[in-house]
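Heads up: the structure comes next, in structure tokens.
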Amino acid sequence: MKTFCGRANPTTGSMEWLEEGEDYDYHQEIARSRYADMLHDKDRNVKYYQGIRAAVSRVKERGEKAIVLDIGTGTGLLSMMAASAGADFCYAIEVFKPMANAAVKIVEKNGFSDRIKVINKHSTEVTVGPDGDMQCRANILVTELFDTELIGEGALPTYEHAHKHLVHEGCEAVPHRATVYVQLVESRRMWSWKKLFPVHVEAEDGEKILVPPSEMENCPGLPSVCDIQLNQMPSSDFSILSDVVKMFSVDFSKPVQSASTCYRVQLEPVKSGKAQIVLSWWDIDMDPSGMINCSMAPYWVKPTSALQWRDHWMQCVYFLPREEPVLQGEKLYLTACRDEYSVWYNLQKARADEEEHKADVCVESPVCRCRAHLLWNRPRFGQLNDQNRTQQYIQSLRRVLKTDSVCLCISDGSLLPVLAHYLGAKQVQYFVLFFRSLHFSLVFFSYFLKANHLEDKIKIIEARPELLKPSHLEDKKISVLVGEPFFTTSLLPWHNLYFWYARTAVSTHLANNVTVLPQSASLHMMIVEFQDLWRIRSPCGTCEGFDVRTMDEMIKDSLNFRESKEAEPHPLWEYPCKSLSEPQEVLTFDFTKTVPQHCLSTEGSVKLLRKGKSHGAVLWMEYHLTADISVSTGLMQLSNEKGKCEWNPHCKQAVYFFSSVIESEILSDPTAVTYDIKFDTKTGEIAMDFKL
1 MKTFCGRANP
11 TTGSMEWLEE
21 GEDYDYHQEI
31 ARSRYADMLH
41 DKDRNVKYYQ
51 GIRAAVSRVK
61 ERGEKAIVLD
71 IGTGTGLLSM
81 MAASAGADFC
91 YAIEVFKPMA
101 NAAVKIVEKN
111 GFSDRIKVIN
121 KHSTEVTVGP
131 DGDMQCRANI
141 LVTELFDTEL
151 IGEGALPTYE
161 HAHKHLVHEG
171 CEAVPHRATV
181 YVQLVESRRM
191 WSWKKLFPVH
201 VEAEDGEKIL
211 VPPSEMENCP
221 GLPSVCDIQL
231 NQMPSSDFSI
241 LSDVVKMFSV
251 DFSKPVQSAS
261 TCYRVQLEPV
271 KSGKAQIVLS
281 WWDIDMDPSG
291 MINCSMAPYW
301 VKPTSALQWR
311 DHWMQCVYFL
321 PREEPVLQGE
331 KLYLTACRDE
341 YSVWYNLQKA
351 RADEEEHKAD
361 VCVESPVCRC
371 RAHLLWNRPR
381 FGQLNDQNRT
391 QQYIQSLRRV
401 LKTDSVCLCI
411 SDGSLLPVLA
421 HYLGAKQVQY
431 FVLFFRSLHF
441 SLVFFSYFLK
451 ANHLEDKIKI
461 IEARPELLKP
471 SHLEDKKISV
481 LVGEPFFTTS
491 LLPWHNLYFW
501 YARTAVSTHL
511 ANNVTVLPQS
521 ASLHMMIVEF
531 QDLWRIRSPC
541 GTCEGFDVRT
551 MDEMIKDSLN
561 FRESKEAEPH
571 PLWEYPCKSL
581 SEPQEVLTFD
591 FTKTVPQHCL
601 STEGSVKLLR
611 KGKSHGAVLW
621 MEYHLTADIS
631 VSTGLMQLSN
641 EKGKCEWNPH
651 CKQAVYFFSS
661 VIESEILSDP
671 TAVTYDIKFD
681 TKTGEIAMDF
691 KL
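Residue numbering for the sequence shown is 1 to 692, as defined by the UniProt record's numbering.
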């Protein structure tokens, strides 16, 4: 049986469906899973074990047999905890077949096969009765069905079904309850992930202001949560406007309702400002008394507590539909609305005639009307709002634009055409923008051009580069070809090299003395030690005394499924690391020439100059707009003393995790890491190999 997988093709800039073997999906699921991260989450595991022991004890004290239902068992860890705590029998449900098979092996290896039954079904398909999957209903419900938003993985409908069909009324539940907390903040940085700010351009005929369309200003955006490692957000990047308040709780020991509903709390701002963002997180009480608590609270809420790093549960950033000026001490109502899988927020000022406990009407889930939120993800909004980056492009465009320039822009949803028009004013006789047949990009850009009165100044060509005709350009040759480059289908840093392929496709339309901006690109690399990110790929061995090496082997096999391992994208501003080597340029790409037929390859070695564990290599692209102006998608600053890295916050960098870790200690005789990197010009992909 074959499976079709969507994958970005860097040579065409498109998502393509490739036929893969039946094992491909399974290996990708395992290799990119967060199972290792969860097994390394000591705080989570200890609290679950304490909660399970307490629940089993309470049932035994009532003179009952302890029958456990574990939904989403994964490795079987929570069921083994229950059996070890004295549970009489456990039903461990796991819908993902390879994971269920692994759980069977792990349970057997740890000697619990006689008291744990692994059921490879969705919990809603499980039957109860003498001939069913479960002999009887359970009186202890154990689950770990939560994501950063709490309900995004379908916890509510799963609990709702379990209480109706799989567990006894009044059952014990671990966790017992979850509570969602919120805090209102003002943050230009986070707000820049939702709105496009005006861009100021100093042109020859005075300052021009590029304004977003009204459709965007009034657009509520998308309902999807922005989940980030909020502990990496400096306190200088946001201003707290309210105390932390409880938004809502869910008691998992009682019947749960998944139907859409709203919750409302009263807020009084602790300072005046612009309410833009709702920060949110949750905690879980493993027992009814709340003595065993596992919290996702960020650093400023519990400054005295040791923070447990985890990547499977983070914190949430929600964007209010619009910016609301608020005054210290005034009465506000914050409404949280939810459906089965997502939450969204609305802020209202209290009216004098409003009843104290008047229920809010549920606000409908936000829908993007301006199309920009469908075209750009949140880091892309941040990138377009980065004034320093924009100034680098403005400075470069000033240098290359001439009075008779004919320009073509190749990038997705880029502001470069408008910047170039303003900078060239009447000097740019003709300006063309190319989009890759994305309907919403065309709709948004038509709004954008209209808002800036440029409908007749910039022409949008709906054609792929290879289909560009002289008639599209009114038989003129392109004298300036520009791109950021940025393409929405790009996953890894080098996928934006599609610009090079597009440049090659339109080469017959380019003037002999054409200026290409950027003129070239380079791939850079550095060996690093991660503070925490290494955990997502690190073997666990034993977890709370249970042997889970079967899971380690399963992940390793899936990572080695391909002949060579692949790099994976991570936003490293969220994952601190220390450089162990100097950054090194390893490949260059000359955009003034067409893509060569032969592969580009390089091999060499990089010395480890600092003490530390070599967890992997980070790779990123730098685009050289002109001879002396470059834009980095990766390393922005490096502290030479301690090797502290500052990364571009708007881009994901490529991380290649080493299969084994080497610890460099003796700096008088530096260890070297050898590398072999090949760029296949036929596929646009980069293969790499590192040896320690």
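All C-beta atoms, glycine included, are put in the ideal place defined by N, C-alpha and C.
Quantities reported herein were computed from a predicted structural model and do not represent experimental measurements.
Query raised in the report: What whole-angstrom Cβ distance do Y501 and V595 have, given they're in contact under 8 angstroms?
Result: 6 angstroms
Report task. Mind the definition here: the segment 395 to 408 touches the segment 240 to 256 only if three or more C-beta pairs lie below 8 angstroms; say whether that holds. Result -> no
Requested in this report: Indicate whether R115 and F89 have their beta-carbon atoms separated by less than 8 angstroms.
Outcome: yes
Query raised in the report: Expressed to the nearest angstrom, what Euclidean distance is found between the alpha-carbon atoms of Q429 and R398?
Result: Note that Q429 scores 35 on pLDDT, short of 50, meaning its location in the model is unreliable and no value can be drawn from it.
Query raised in the report: Can you check whether the CB of P198 is closer than 8 angstroms to the CB of L184?
Result: no
**Report entry** Local conformation of Q232 per DSSP, three classes
**Finding:** helix
**Report entry** Per-residue DSSP class, three states only, for W281
**Finding:** strand
Query raised in the report: Who are the near neighbours of A87 in its chain, counting only those whose CB is closer than 6 angstroms to its CB and skipping five residues on each side?
Result: V56, A66, V68
Report task. Spatial neighbours of I686 within its chain, please: CB distance less than 6 angstroms, with the 5 preceding and 5 following residues excluded, ordered by chain position. Result -> W494, F679
Query raised in the report: From T633 to P485, what distance separates their C-alpha atoms?
Result: 11 angstroms
Report task. Compare the C-alpha of G616 against each of F658, Y623, T73, K593 and name the closest. Result -> F658
Query raised in the report: Based on Cα-Cα distance, which residue from T73, E144, I93, T626 lies nearest to Q395?
Result: T626
Query raised in the report: Which residues in the same chain as F319 place their Cβ atom closer than 6 angstroms to its Cβ, once the five residues preceding and following it in sequence are excluded?
Result: K194, G221
Query raised in the report: When you compare only the Cα positions, how much space is there between T681 and A451?
Result: 40 angstroms
**Report entry** Beta-carbon contacts of L334 that lie in its chain and below 6 angstroms, excluding the five residues immediately before and after
**Finding:** V265, L267, L347
Query raised in the report: If you drop the 5 nearest sequence neighbours on each side, which residues of the same chain put their C-beta closer than 6 angstroms to that of A521?
Result: F589, M621, Y623
Query - Whole-angstrom distance between D287 and G170, CA atom to CA atom - result: 14 angstroms
Query raised in the report: Hey, E186 and S239 are a contact pair by Cβ (cut 8 angstroms); roughly how many whole angstroms apart?
Result: 5 angstroms
Query - Limits of the alpha helix (DSSP H) - the one that F112 falls within - result: Element bounds for F112: n/a, residue is neither H nor E.
Query raised in the report: Considering only C-alpha positions, which residue in the set T592, N496, R535 is nearest to L517?
Result: T592
Query raised in the report: Residue range of the alpha helix (DSSP H) that H524 falls in?
Result: Element bounds for H524: not the alpha helix (DSSP H) but the beta strand (DSSP E), 520 to 530.
Query raised in the report: So, using beta-carbon positions, are H472 and I461 closer together than 8 angstroms?
Result: yes
Query - Cβ-based burial, P576 [other Cβ within 10 Å; buried from 16] - result: buried
Query raised in the report: What are the boundary residues of the beta strand (DSSP E) that N388 is part of?
Result: Careful: N388 lies outside any beta strand (DSSP E), inside the alpha helix (DSSP H) at 387 to 400.
Query raised in the report: Beta-carbon separation of H650 and D386 under 8 angstroms?
Result: yes
Query raised in the report: T127 to M134, Cα distance in whole Å?
Result: 6 angstroms
Query raised in the report: S123 to I71, Cα distance in whole Å?
Result: 7 angstroms
Query raised in the report: What does R338 pair with, by DSSP beta-bridge criteria?
Result: T261, V343
Requested in this report: Evaluate E603 with the Cβ neighbour count: other Cβ atoms within 10 Å of its Cβ, from every protein chain shown; 16 or more gives buried, anything less gives exposed.
Outcome: exposed
Query raised in the report: Excluding the five sequence neighbours on either side, which residues of its own chain have a C-beta within less than 7 angstroms of the C-beta of L416, listed in chain order?
Result: Y393, C409, V482, E484
Report task. Would you check if the segment 572 to 587 and the segment 636 to 645 touch, i.e. whether three or more CB-CB distances between them fall below 8 angstroms? Result -> yes
Query raised in the report: Count the other CB atoms within 10 Å of the CB of G382; is the residue buried (16 or more) or exposed (fewer)?
Result: buried
Query - N139 versus Y35 - alpha carbon distance - result: 27 angstroms
**Report entry** Beta-carbon gap between P569 and L492 smaller than 8 angstroms
**Finding:** yes
**Report entry** C-alpha distance - P539 paired with G545, whole-angstrom precision
**Finding:** 15 angstroms
Report task. Tell me whether the beta-carbon of C370 lies closer than 8 angstroms to the beta-carbon of E215. Result -> yes
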